[in-house]
Amino acid sequence: MNIIITIVVTALAVLYAGLFKAKKALLPLTLVGLLISLAFAVTAWNSNTVYYGMMEMDNFAIAFSSLTILGTIFIFLLTQNYFAKDSENVAEYYTLILFALAGIVIMVSYTNMSMLFIGIEIMSVALYILAGIRKNNFASNEASLKYFLMGAFSTGFLLFGITLVYGATGSFSLHAINQYLIGNYQAVSPLFYPGVILIMVGLCFKIGAAPFHFWTPDVYEGAPSLITAFMSTVVKTAGFAAFLRLFAGTFAPLHDFWMPPLMAIVCITLFIGNVTALFQKNFKRMLAYSSISHAGYLLFSLVTLTANSANNVMVYAAAYTFASIIAFAVLILVKQKTGHDNFESFNGLGKRNPLVALALTIAMLSLAGIPLTAGFIGKYLMFLNVMNEYQIYLVAFAILNALVGFYYYLRVIVAMYFKEGAEVVLETPVQYKVVLILSVIITIFLGVYPTIILNLI
Amino acid sequence: MEQLLILLIFLPVVGALVTAFTGNAAKHVALVFAVASLALTAVVAGQFIPDASTQFVVNLPWIQDLGIHFHAGIDGISLITVLLTNVLVPIIILASYQHNYKSPAGFFALILFMQAGLLVVFTAMDAFLFYIGWEAALIPIYFICAIWGGKDRIKVNMKFFVYTIAGSLFMLLGIIYLYLQNPAHNFDIQAFYQLHLDPVQQGWIFWSFFIAFAIKMPIFPFHTWQPDTYTEAPAAGTMLLSGIMLKMGIYGVIRWLLPIVPAGVEEWGNTAIILSIIGIVYASLIAFRQKDAKRLIAYSSIAHVGLISAGIFALNTQGMQGAMIQMLSHGVNVIGLFFVLDIIFSRVKTNTIAELGGIAKSAPKLAIAFLIIVLGTVALPGTNGFIGEFLLLIGIYQYNIWAVVFAGLTVIFGAVYMFRLYQNIMLGKTNELTLGFADIKGTEQIVLVIICALIIVLGVYPKPILHLSEASVQQLLEQVNQKLTSVK
């Protein structure tokens, strides 16, 4: 609970600091707040506190909270001068991101459906504004509107689903619902089934899984890159944690029922994400579509539920988060300098900016899943999990998709090193360097020695 | 003892890291590390006892939760490939001395990184480690070819990369499957050997591994990436690919495919031999028609490798021993050939056969070296190529007489196109291009002397090498046969 309180207090403090024009204090204040909440999270390890049956800070919640807070810290480090050119009032950006993070912590720790809904809404409303925060930018406005409409739509599905489940079981409590399923295994109320499917649809909207992914590319492209980075890493991780908490825990007894539709979603998601990413000319859109395909890999852990499912998601999400943060950081630098974010803008980057190019190379290799990077371990765990149940065809299909992935991730590397381009020197502020280097270290360390994270949860 | 192997594997990694920061002196630093590795290999070979056991074993827990160990060791078969790698890498680095590559530090660091990956592949006793090494060898060569290659390098390398990574992924599928079948849930090679899979499972595993290996070698019809990549890669890249990297596929077949799924090999080995033989004939025929010398060598390499793979799938001692020595010989010869072509290209900026001729007149030393290498390639008795091809043909003969009739064509065809190549480049009239052709000197001369010496020494006295691997090969075949009878 003190994690959420710290984050919210920080958010308010930052807002006031903004009112009193203490611009210099904003970032340090935020970082201190986040570090304190991270410390709270770490010290709460193994304590398993339950808050009034509404939230539970178990290791699962703490692990995902820590990951999302750490991701947010990295993203904040990238904010240097980023928002200043759009607006005088930067404090609102900080506050909104922090509020979204507060919602995220609720999303990963709920034990009651109402808290799931509240968490998602706190996060989403903040994101609707953040996506459209460039008032004078048409694409940003479009992104915001699209995101809001689709978000509202998906919330409707989610709420309807929750209602049906409530109708069947008479409770919002995950524990009670789970008990109901175990107790009435043969005679689950017919209301329950459509409820599960509707909740699944609602959550699939949020994590951007196909065929509910249509908002993703436009919103990702239209929103400011830094917000996109936040959405595609921290928000997505939270969405998966929420998904996992509900389906791997509470709905697990009905696995046979919801697994086939989920499997179909996984296949479509992988296919659409990868194939459309292949045809993108724009780096940011490629990242958006590839994030759809990563949602597909992450859902693998739900197709076959094992004791390791949660941890596998954790590893994959960590790998994906840090690699994506590198990708977006470099994207921001490149766009600031060249004004474009298509693949050609990366031409010849390797020569003049070896550090940046190397970091982006490692990020791409990790996203593609090359051994000795964290991305490989993540993918490997997913494949292992699915193959354990001998769904070899699914793994073979995923492998073919991974192959497509190699192709489009390599395009950036090809552009940076093998193509001649305008020899631009990127202005890389110290904070960017810190984020890049730390992310690279984490990516390689988790790839070479993943033991520390493998049995965390 | 185990420190020795760790040192052997990680010395190139250290070398790569040091080389990466040395700027223009990179080539010297890289050479020092490569020679140090070679010296270390000599120590290993000296201490090696040529029985069937695995020596210098390192077995450290790595990712224990997933049953992954850093488990490596050297037996006779490994030793041959380790020798191959550590003898050829310094030669390749020395052969690159004459080039002024842009950003040399990166270039030479990548070569050493690749060496480490190859050494992991050739010594791994843990399937996961093997896979990591397999991929770790691929990434550096991809960058070497794509950064320092010819003008079509981007497209060609994309094809190369996607092909090889596709193979690797299917192999990963097979490895995960075997891991799940293994009750101990680890990747230990001995545990994999002891698995009892039914013939259907073995068939699937066979293909998942075979495709990966066949792409690397390459065997027909998985070869289409190879001629383009060889042509576009920088000289050192081509040498690494043809001299060492394709042996990863051969080694994989021997070490992983045969003992793990003998029933799969029994069922599909015929297909593999037929594909290899088709490859031999087909690649030889195409080699005849090549206008570019580099492409000609590329196709001839497909033919030679086809013979090796047919010899392995014949599943007898002669075939297998032939493959062992031919791995070494082919590596030395093909590097020699590509180096000569590189020397020619650096002087006259062309490898088109029709534009060359008469080089022997102005460059007699080069002509002699080239002749020795060509003789080795066409397997003249007394050269290294002869021993290997002879044993391979005996092995294939024992398997099937018709197979050897067609496989033997490689020797005849090889002689024809190689001598024609030599004739058209070295003999005949000089033209404007080749008139003032400067003869070899300095490092070029050193490299060619070493290569020619290896060709002759291996040809005249191959026994020590054959002796190194003999016991291990015998044991491996016994193991395969035993497992086959137990399945029936």
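From first to last, the protein sequence lines stand for chains A and B.
Taking this note's numbering, the leading residue of the first sequence gets 1, the next gets one more, and so forth.
Taking this note's numbering, the leading residue of the second sequence gets 1001, the next gets one more, and so forth.
Ideal Cβ positions, reconstructed from N, Cα and C, are used throughout, including at glycine.
Please read these numbers as outputs of a predicted model, since none were measured by experiment.
Q | Cutoff 7 angstroms: residue 300 of chain A Cβ touching any chain B Cβ | A | For the purposes of this step, residue 300 of chain A is identified with residue 300 of the first sequence, where counting begins at 1. Not closer than 7 angstroms to any Cβ of chain B, the Cβ of residue 300 of chain A fails to qualify, so no.
Q: Taking residue 257 of chain A as part of the alpha helix (DSSP H), name the residues at either end of that continuous run.
A: Translated into the one-based positions of the first sequence, residue 257 of chain A becomes position 257. 255-278 is the span of the alpha helix (DSSP H), which, as asked, contains residue 257 of chain A.
Q: Below 7 angstroms CB to CB, which residues in the same chain sit around residue 150 of chain A once its five sequence neighbours on both sides are set aside?
A: The residue you call residue 150 of chain A lines up with position 150 of the first sequence. So the list reads 205, 215, once near-sequence residues are dropped.
**Q.** Chain-order list of residues whose beta-carbon lies under 8 angstroms from that of residue 315 of chain A (same chain, five-residue window excluded)
**A.** Residue 315 of chain A sits at position 315 when you count from the first residue of the first sequence. 374, 377, 378, 381, 446, 450, 453, 454, listed in sequence order.
Q: Would you mind working out which of A:63, A:244, A:132 sits nearest residue 298 of chain A, comparing C-alpha positions?
A: For the purposes of this step, residue 298 of chain A is taken as the residue at position 298 of the first sequence. Residue A:244 is the option with its Cα nearest to residue 298 of chain A.
Q | Buried/exposed call for residue 1223 of chain B, threshold 16 Cβ in 10 Å | A | Mapped onto the second sequence, residue 1223 of chain B falls at position 223. Buried, since its Cβ has 16 or more Cβ neighbours within 10 Å.
(Q) Output needed for residue 1153 of chain B: all residues of its chain with C-beta closer than 6 angstroms, excluding positions within five of it in sequence on either side, in chain order. (A) As a working mapping, residue 1153 of chain B is identified with position 153 in the second sequence. Closer than 6 angstroms at Cβ, skipping near neighbours: 1146, 1232.
(Q) Between the alpha carbons of residue 202 of chain A and residue 456 of chain A, how many angstroms are there, rounded? (A) Along the first sequence, one-based indexing puts residue 202 of chain A at 202. Along the first sequence, one-based indexing puts residue 456 of chain A at 456. If I take the Cα positions, the gap works out to 29 angstroms.
Q. Can you give the beta carbon distance from residue 1294 of chain B to residue 1351 of chain B, rounded, assuming they're within the 8 angstroms contact cut?
A. Stepping through the second sequence from its first residue, residue 1294 of chain B is reached at position 294. Stepping through the second sequence from its first residue, residue 1351 of chain B is reached at position 351. With a Cβ gap of about 5 angstroms, residue 1294 of chain B and residue 1351 of chain B count as contacting.
Q. Between which two residues does the alpha helix (DSSP H) harbouring residue 1085 of chain B extend?
A. Taking the first residue of the second sequence as 1, we reach residue 1085 of chain B at position 85. Its alpha helix (DSSP H) spans residues 1076-1095.
Q: Please list, in chain order, all residues of the same chain as residue 427 of chain A whose beta carbon is under 8 angstroms from its beta carbon, the five residues on each side excluded.
A: The residue labelled residue 427 of chain A in the question sits at position 427 within the first sequence. Cβ neighbours of residue 427 of chain A beyond the five flanking positions: 333, 336, 337.
Q) Which residues, in order along the segment 443-457 of chain A, keep a beta-carbon less than 8 angstroms from a beta-carbon of chain B? A) 449, 450, 451, 454, 455
Q | Contact under 7 angstroms by Cβ, residue 304 of chain A with residue 385 of chain A | A | Counting from one through the first sequence, the residue named residue 304 of chain A turns up at place 304. Counting from one through the first sequence, the residue named residue 385 of chain A turns up at place 385. Cβ distance < 7 angstroms, so residue 304 of chain A and residue 385 of chain A count as in contact.
Q: Give the residues of chain A in contact with residue 1491 of chain B, contact being defined as C-beta atoms less than 9 angstroms apart.
A: In this structure chain B extends from 1001 to 1488, so residue 1491 of chain B is not present and cannot be described.
Q) Heavy atom of the ligand ZN less than 6 angstroms from the Cβ of residue 1134 of chain B, yes or no? A) As for the ligand ZN, it is missing from this structure, which has no ligand bound.
(Q) For residue 1248 of chain B and residue 1162 of chain B, which I take to be in contact (beta-carbon distance under 8 angstroms), what is that distance rounded to the nearest angstrom? (A) Taking the first residue of the second sequence as position 1, residue 1248 of chain B is located at position 248. Taking the first residue of the second sequence as position 1, residue 1162 of chain B is located at position 162. About 18 angstroms separates the two Cβ atoms, so there is no contact after all.
(Q) For a quick check, are the C-beta atoms of residue 469 of chain A and residue 402 of chain A less than 7 angstroms apart? (A) No information on residue 469 of chain A is available, as it lies outside the stretch 1 to 457 that chain A covers here.
Q) If you run the structure through DSSP and keep just helix, strand and coil, what is residue 412 of chain A? A) The residue you call residue 412 of chain A lines up with position 412 of the first sequence. Correct three-state label for residue 412 of chain A: helix.
Q) Taking the alpha-carbon positions, what's the residue 1113 of chain B to residue 1287 of chain B distance? A) Locating residue 1113 of chain B in the second sequence gives position 113, where the first residue counts as 1. Locating residue 1287 of chain B in the second sequence gives position 287, where the first residue counts as 1. In a straight line, the C-alpha of residue 1113 of chain B is about 32 angstroms away from that of residue 1287 of chain B.
Q: Check whether the segment 1428-1443 of chain B touches the segment 1325-1339 of chain B, taking contact to mean three or more Cβ pairs, one atom from each stretch, closer than 8 angstroms.
A: no
Q.
What residue range does the alpha helix (DSSP H) around residue 1267 of chain B cover?
A. Here residue 1267 of chain B corresponds to residue number 267 of the second sequence, with the count starting at 1. 1262-1288 is the span of the alpha helix (DSSP H), which, as asked, contains residue 1267 of chain B.
Q.
Going by DSSP, what residue range makes up the beta strand (DSSP E) through residue 88 of chain A?
A. Translated into positions along the first sequence, residue 88 of chain A becomes position 88. No beta strand (DSSP E) contains residue 88 of chain A, which DSSP labels as neither H nor E.
Q: Mind reading off the beta-carbon distance from residue 1142 of chain B to residue 1157 of chain B? Whole number of angstroms is fine, and I expect it under 8 angstroms.
A: By one-based count along the second sequence, residue 1142 of chain B stands at place 142. By one-based count along the second sequence, residue 1157 of chain B stands at place 157. At roughly 6 angstroms, the Cβ-Cβ gap stays under 8 angstroms, so residue 1142 of chain B and residue 1157 of chain B are in contact.
Q.
At the 7 angstroms Cβ level, is residue 1476 of chain B part of the contact set with chain A, yes or no?
A. As a working mapping, residue 1476 of chain B is identified with position 476 in the second sequence. Cβ-Cβ to chain A under 7 angstroms: no for residue 1476 of chain B.
(Q) Restricting to runs no shorter than 4 residues, where is the alpha helix (DSSP H) found entirely within the segment 1139-1204 of chain B? (A) 1153-1181, 1189-1193
**Q.** Sequence ranges, beta strand (DSSP E) only - wholly within the segment 1388-1429 of chain B, length at least 3
**A.** none
Q. Who are the near neighbours of residue 1299 of chain B in its chain, counting only those whose CB is closer than 7 angstroms to its CB and skipping five residues on each side?
A. Position 299 of the second sequence holds residue 1299 of chain B. Excluding positions up to five away in sequence, the list reads 1227, 1283, 1286, 1287, 1290.
Q) Beta-carbon of residue 403 of chain A versus every beta-carbon of chain B: anything under 7 angstroms? A) Within the first sequence, numbered from 1, the residue matching residue 403 of chain A stands at position 403. Interface residue, yes.
Q) How about the segment 1060-1068 of chain B and the segment 1171-1187 of chain B: do they share at least three Cβ pairs that are nearer than 8 angstroms? A) yes
Q: Could you tell me how far apart the beta carbons of residue 1139 of chain B and residue 1107 of chain B are, in whole angstroms, since I believe they sit closer than 8 angstroms?
A: On the second sequence, position 139 is the one that residue 1139 of chain B refers to. On the second sequence, position 107 is the one that residue 1107 of chain B refers to. About 14 angstroms; that fails the 8 angstroms criterion.
Q. Which of helix, strand or coil does DSSP assign to residue 140 of chain A?
A. The sequence position of residue 140 of chain A within the first sequence is 140, counting from 1. Of the three classes helix, strand and coil, the one that applies to residue 140 of chain A here is helix, per DSSP.
Q: Run down chain B in chain order and give the residues with a C-beta less than 8 angstroms from the C-beta of residue 388 of chain A.
A: Position 388 of the first sequence, counting from 1, holds the residue named residue 388 of chain A. Within chain B, the residues near residue 388 of chain A are 1180.
Q: Starting from the Cα of residue 417 of chain A, find the closest Cα among A:394, A:387, A:360 and give me that residue.
A: Position 417 of the first sequence, counted from the first residue, corresponds to residue 417 of chain A. Ranking the options by Cα distance to residue 417 of chain A, first place goes to A:360.
Q: Enumerate in chain order the residues of its own chain whose CB-to-CB distance from residue 388 of chain A is below 7 angstroms, with the five nearest sequence positions on each side excluded.
A: Here residue 388 of chain A refers to the residue found at position 388 when the first sequence is read from its first residue. Around residue 388 of chain A: 304, 306.
Q: Find the nearest neighbour of residue 1124 of chain B within the set B:1078, B:1481, B:1449, B:1354, judged by alpha-carbon distance.
A: The residue you call residue 1124 of chain B lines up with position 124 of the second sequence. Ranking B:1078, B:1481, B:1449, B:1354 by Cα distance to residue 1124 of chain B puts B:1078 first.
Q: Below 8 angstroms between beta carbons is the criterion; list the residues of the segment 1118-1131 of chain B that meet it against any residue of chain A, in chain order.
A: 1131
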